[in-house]
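Novice: Here it is: the structure, laid out below.
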Amino acid sequence: MTGASRARGSGSRSAVTSGTQDGLWFLQKLVPESAAYTVCRAYRVDGDLDLQALRIAWREVVDRHEVLRTTLVEVDGLPTQRIAAEPDPRSFVDLGEVDAAVERVSAQWASTPVDLGAGPVAKLVVARGADAEHCVLL
Numbered sequence: 016m017t018g019a020s021r022a023r024g025s026g027s028r029s030a031v032t033s034g035t036q037d038g039l040w041f042l043q044k045l046v047p048e049s050a051a052y053t054v055c056r057a058y059r060v061d062g063d064l065d066l067q068a069l070r071i072a073w074r075e076v077v078d079r080h081e082v083l084r085t086t087l088v089e090v091d092g093l094p095t096q097r098i099a100a101e102p103d104p105r106s107f108v109d110l111g112e113v114d115a116a117v118e119r120v121s122a123q124w125a126s127t128p129v130d131l132g133a134g135p136v137a138k139l140v141v142a143r144g145a146d147a148e149h150c151v152l153l
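Everything in the sequence shown is counted per our numbering, starting at 16 for the first residue and increasing by one.
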């Protein structure tokens, strides 16, 4: 646990949403199954990849940036930020070795809507292909 996470304490806290967050929340309420505002970046890594080091590094990034631990929940009909004290363990996904082409796996994850209320809103996904080929999706 880092010093920053110890300072936050346990549980979650609430905060007022920004105009952009209000807009995204409204659009998700309007069309919940849409992935139109999902942003996905795929990176190809050839060779060995230390998944444990990547998992630790990602956790540190999420731990350091509140926005990556924030979900939008409805309170009295309006969106409210819920900022988790700790990173969601589901924010790092190891798909293991995939039979499908890495490009197809990337497209599938990119077309998956993000549930702003359940989170996590940011994920790091690793898929392993043949011959030490990896796809890292953010």
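Quick reminder that beta carbons are idealized off the backbone N, C-alpha and C, glycines included.
#1: Any chance the stretch 29-39 sits against the stretch 95-106, with 3 or more Cβ pairs inside 8 angstroms?
#2: Quick one: what does DSSP say Ser121 is sitting in, helix, strand or coil?
#3: Once DSSP output is grouped into helix, strand and coil, what is the label at Val88?
#4: CB-CB under 7 angstroms to Val140, same chain, minus the five flanking residues each way: which ones, in chain order?
#5: Determine the DSSP secondary structure at Ser128, reduced to helix, strand or coil.
#6: Would you say Arg79 faces chain D, with C-beta separation under 8 angstroms as the test?
Specialist: Looking at the coordinates:
#1: yes
#2: Here residue 121 is taken as the residue at index 106 of the sequence shown, counted from 1. In this structure, Ser121 counts as helix in the three-state DSSP scheme.
#3: For this step, residue 88 is matched to residue 73 along the sequence shown. Val88: strand per DSSP, three-state reduction.
#4: Locating residue 140 in the sequence shown gives position 125, where the first residue counts as 1. Hits under 7 angstroms: Val108, Leu110, Trp124, Leu152.
#5: Taking the sequence shown and counting its residues from 1, one reaches residue 128 at position 113. Here the sequence assigns Pro to residue 128, which means Ser is not the residue at that position. Reduced to three states, the DSSP call for Pro128 is coil.
#6: Absent from the structure: chain D. Only one protein chain is present.
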